[in-house]
Amino acid sequence: MENQPIIEVENLTFQYPTSENEEANPVVLDNISFNVKEGEFVGIIGHNGSGKSTLAKLLNAINIPTEGTVKIKGMDTKDQDSIWDIRQTAGMVFQNPDNQLVATIVEDDVAFGPENLGVPPEEIRERVDQCLETVGMSEFKRSEPNHLSGGQKQRVAIAGILAMEPECIILDEPTAMLDPNGRKEVIKTVQKLNKEKNMTILHITHYMDELINADRIIVLDKGKIKLQGKPKEVFSQVDTLKSIGLDIPVMTNLTHELNELGYDLPDDLLSIEETANAICQLK
Amino acid sequence: MFENVTIGQYYPTNSFIHQLDPRIKILFTIVYIVMLFIINNIWGYIAAFVILIIMLVTSKIPISYTLKGLKAIIFIILITVTLNMFMTPGRVIWHWNFMQITAEGVENAISMAVRLVFLVVGTSLLTLTTSPIDLTDGLEFYLRHIPFVKNYAHELSMMMSIALRFIPTLMDETQKIMKAQKARGGQFDTGNLIDRAKAMVMILVPLFVSAFRRADELATAMEARCYRGGVGRTKMKQMILKRNDHIVLFLTVVMIVVLTATRFIPAPVLIK
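These protein sequence lines map, in sequence, to chains Z and V.
Going left to right, the first sequence walks through residues 1435 to 1717 as the working numbering numbers them.
Going left to right, the second sequence walks through residues 486 to 757 as the working numbering numbers them.
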């Protein structure tokens, strides 16, 4: 079972059940299939209304597919009995840091998840201390959430999910409401989890530069998978990305425009150093 | 807006009282309140006063800060005193036209005022020395033992702690909405009472909309973290009675005995 994917999505279609007439309901996700393997860092990117947040809620059994299946570690989200196991296996971090912290003290909030799972008190204590250490928030464990910055709150939220010992973390636009520093903190934390703890990460965002280090990127547009592949492959498709209204990472944009002027640069450059080297080697 | 109200605020000083188990503090406070209405003569009031002073000193909270809480109830005290003084039948010691003051009236008025002051200071000491989260845990413990309520004990305390968590968030939000409405020409602090009340609508409506949205998102987040009510839930922080808690429990019993005993000491007649 080593190679069984943690997340399996097959022919997933989803409509919000807003009206009686099924035909009239807008199709938010249209026949989507993909897998995420253990330890993988997958980015999902899409414009507003592309269905990416809906997809996140489907993976956590908050929404149930209209058609097709979503399986987390082999458990079908349609199966009511495994709903709590699914939520424990695939922890979810939401967009608004204020609206997902439950307790008035940081450490109590991190303890909330394991408390719900019925973990013995001494073990919760250990998990809480360890998880706050992992996200670098140990010194704030006695603070009140409303005295923290957005990035710090979001790291507490991540610690709260980690304390449930999930195998996979789904982040639904965790940086959308943060300032640039907060974004950096959160992205660093997420990358650290993936590299050091071999945590499977599904990062949903509309900032492409956050996904430069991802193993794979899935581009969603109007409920369909538009592109899929390694960051360099995806980002080199500048025209497609622009046509669906996504911002291209600065370096990719630069090389693309230079190439249009007649220079000959590789179209898969992402970091500043790579680009600088390539430009210096031009004849 | 709320700077002058000390009732319900927490003042951390890490004193002996602060470190007590919240359950013991709640029990002590309730017993103290009940005893205030059992004592009936000067010796009882003196004893209750001494107990209050001991609590005030050991709490290490500046006494002036604790007494600020009295400002909020000064009006209630005045009404009680006036009503008791003029309305109690008994030995008339002063009269003018239809108004009369009786000896019993004066005694009642003074004892009611003293009781109210002790009651407010005593209960504000509870909230001043106990963090809201501890207070909620303590209350949950007692709610679990009250018939009818006990099935909802967990839900009630969860509601209380979420309310406490969101008070600062919603206060910030109110400030933001006020600024946003001011920037659009909204006026809150001019005009008569009705105008001002009407102006509140433009703050309250957005605030409510946002509160509902927050509630919805919070509920989703809680479900995503496997929250399914109080059944099968554990708690990281266990409340365990320590040595000091047992001492205070014993002192509570002593207080009951001493204050009840004062009823049997003959009191001097103070007003001839």
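Cβ coordinates follow ideal geometry from the N, Cα and C atoms, glycine included.
Does any residue of chain V have a CB that is nearer than 8 angstroms to the CB of residue i?
i, result
"P1607/Z", "Sequence inspection shows Glu at residue 1607/Z; the Pro mentioned does not correspond to that position. For E1607/Z, the answer is no, since every Cβ of chain V falls outside 8 angstroms of its Cβ."
"P1555/Z", "yes"
"G1485/Z", "no"
"F1448/Z", "no"
"G1462/Z", "Residue identity differs from the one stated: residue 1462/Z is Val in this sequence, not Gly. No, because no Cβ of chain V sits closer than 8 angstroms to the Cβ of V1462/Z."
"L1551/Z", "yes"
"I1440/Z", "no"
"D1532/Z", "yes"
"R1521/Z", "yes"
"F1475/Z", "no"
"T1538/Z", "yes"
"V1624/Z", "no"
"R1589/Z", "no"
"G1594/Z", "yes"
"M1598/Z", "yes"
"G1547/Z", "yes"
What's the C-alpha gap between residue i and residue j?
i, j, result
"A1648/Z", "G1663/Z", "10 angstroms"
"T1452/Z", "A1610/Z", "27 angstroms"
"I1682/Z", "K1629/Z", "25 angstroms"
"W528/V", "P751/V", "9 angstroms"
"I1466/Z", "T1511/Z", "16 angstroms"
"E1444/Z", "L1493/Z", "12 angstroms"
"L611/V", "E1573/Z", "28 angstroms"
"E625/V", "I1478/Z", "43 angstroms"
"I1498/Z", "S1583/Z", "34 angstroms"
"K1507/Z", "T719/V", "26 angstroms"
"H1481/Z", "I1638/Z", "11 angstroms"
"I539/V", "F603/V", "13 angstroms"
"T737/V", "H630/V", "20 angstroms"
"L702/V", "V591/V", "Residue identity differs from the one stated: residue 702/V is Glu in this sequence, not Leu. For E702/V and V591/V, the distance between alpha carbons rounds to 58 angstroms."
"V1476/Z", "R1521/Z", "19 angstroms"
"D680/V", "P617/V", "36 angstroms"
"T1500/Z", "A665/V", "41 angstroms"
"F534/V", "G554/V", "17 angstroms"
Counting only beta-carbon separations shorter than 8 angstroms, does residue i have a partner in chain Z?
i, result
"L649/V", "yes"
"P507/V", "no"
"P768/V", "Since the displayed chain V opens at 486 and closes at 757, residue 768/V lies outside it and no answer follows."
"A720/V", "The amino acid at residue 720/V is misidentified as Ala; the sequence shows Lys. Interface residue, yes."
"E708/V", "yes"
"I741/V", "no"
"Q723/V", "yes"
"G559/V", "First, the residue type needs correcting, since residue 559/V is Ile and not Gly in the sequence shown. So no, I559/V is outside the interface."
"Y550/V", "no"
"G623/V", "no"
"R713/V", "yes"
"G717/V", "yes"
Report the residue from the options whose alpha carbon sits nearest the alpha carbon of residue i.
i, options, result
"T498/V", "I518/V, R713/V, L541/V", "L541/V"
"K1660/Z", "I1678/Z, L1645/Z, I1592/Z", "I1678/Z"
"D536/V", "L555/V, I586/V, T514/V", "The amino acid occupying residue 536/V in the given sequence is Ile; Asp does not appear at that position. Of the listed residues, the one whose Cα sits closest to I536/V is T514/V."
"E1619/Z", "E1442/Z, K1631/Z, I1592/Z", "I1592/Z"
"L1675/Z", "L1612/Z, I1651/Z, D1698/Z, V1504/Z", "I1651/Z"
"Y517/V", "N526/V, A532/V, H503/V, A598/V", "A532/V"
"W1518/Z", "F673/V, E708/V, R718/V, F651/V", "E708/V"
"A598/V", "S609/V, N582/V, R699/V, M570/V", "M570/V"
"K556/V", "V606/V, T654/V, I586/V", "V606/V"
"Y637/V", "L736/V, S544/V, G714/V, V733/V", "G714/V"
"I595/V", "I618/V, H630/V, N526/V, P653/V", "N526/V"
"E1565/Z", "P1531/Z, T1623/Z, P1608/Z", "The question names Glu, but residue 1565/Z in the sequence shown is Cys. The candidate whose alpha carbon is nearest that of C1565/Z is T1623/Z."
"T654/V", "K1631/Z, L1596/Z, E1560/Z, P1531/Z", "P1531/Z"
"Y1655/Z", "R1559/Z, E1644/Z, L1645/Z, H1640/Z", "Before going further, note that residue 1655/Z is Asp rather than Tyr in the sequence given. D1655/Z has its Cα closest to that of H1640/Z, out of R1559/Z, E1644/Z, L1645/Z, H1640/Z."
"G1585/Z", "M1598/Z, M1571/Z, A1597/Z, L1596/Z", "M1571/Z"
"V1470/Z", "I1441/Z, L1605/Z, I1706/Z", "I1441/Z"
Suppose the cutoff is 7 angstroms on Cβ atoms and the five residues either side in sequence are ignored; what does the same chain contact list for residue i look like?
i, result
"D1709/Z", "At residue 1709/Z the sequence reads Thr, which differs from the Asp that was named. Taken in chain order, the residues that qualify are M1685, L1688, T1689, L1703."
"Y496/V", "I546, Y550, L613"
"S695/V", "E658"
"D1543/Z", "L1535, V1536, A1537, P1579, V1590, G1594"
"A588/V", "G575, R576, I578, I756"
"L1463/Z", "L1446, T1447, F1448, G1485, T1488, L1489, G1657"
The ligand NAD and residue i: does any heavy atom of the ligand fall closer than 7 angstroms to the residue's C-beta?
i, result
"K510/V", "As for the ligand NAD, it is missing from this structure, which has no ligand bound."
Among residues of its own chain, excluding the 5 on either side of residue i, which ones have a beta-carbon nearer than 8 angstroms to its beta-carbon?
i, result
"G623/V", "D506, P507, R508, K510, I511, T615, M724"
Within a Cβ cutoff of 6 angstroms, which residues of the same chain sit near residue i, ignoring the five residues on either side of it in sequence?
i, result
"E634/V", "Per the sequence shown, the amino acid found at residue 634/V is Val instead of Glu. Cβ within range, chain order: L628."
"E1541/Z", "V1562, K1575"
"I558/V", "V605"
Could you please tell me which residues of the stretch 1568 to 1586 of chain Z, in chain order, have their CB closer than 8 angstroms to any CB of chain V? E1578, P1579, N1580
Interfacial residues, the stretch 682 to 704 of chain V to chain Z, with Cβ spacing under 9 angstroms: R698, R699, A700, D701, E702, L703
Members of the stretch 646 to 676 of chain V near chain Z, C-beta cut-off 8 angstroms: S646, I647, L649, R650, P653, T654, D657
What residues in the stretch 1496 to 1530 of chain Z bring their beta carbon closer than 7 angstroms to a beta carbon of chain V? I1496, W1518, R1521, Q1522, M1526, F1528, N1530
Please list the residues of the stretch 597 to 619 of chain V that have a C-beta atom closer than 9 angstroms to any C-beta atom in chain Z, keeping them in chain order. S616, P617, I618
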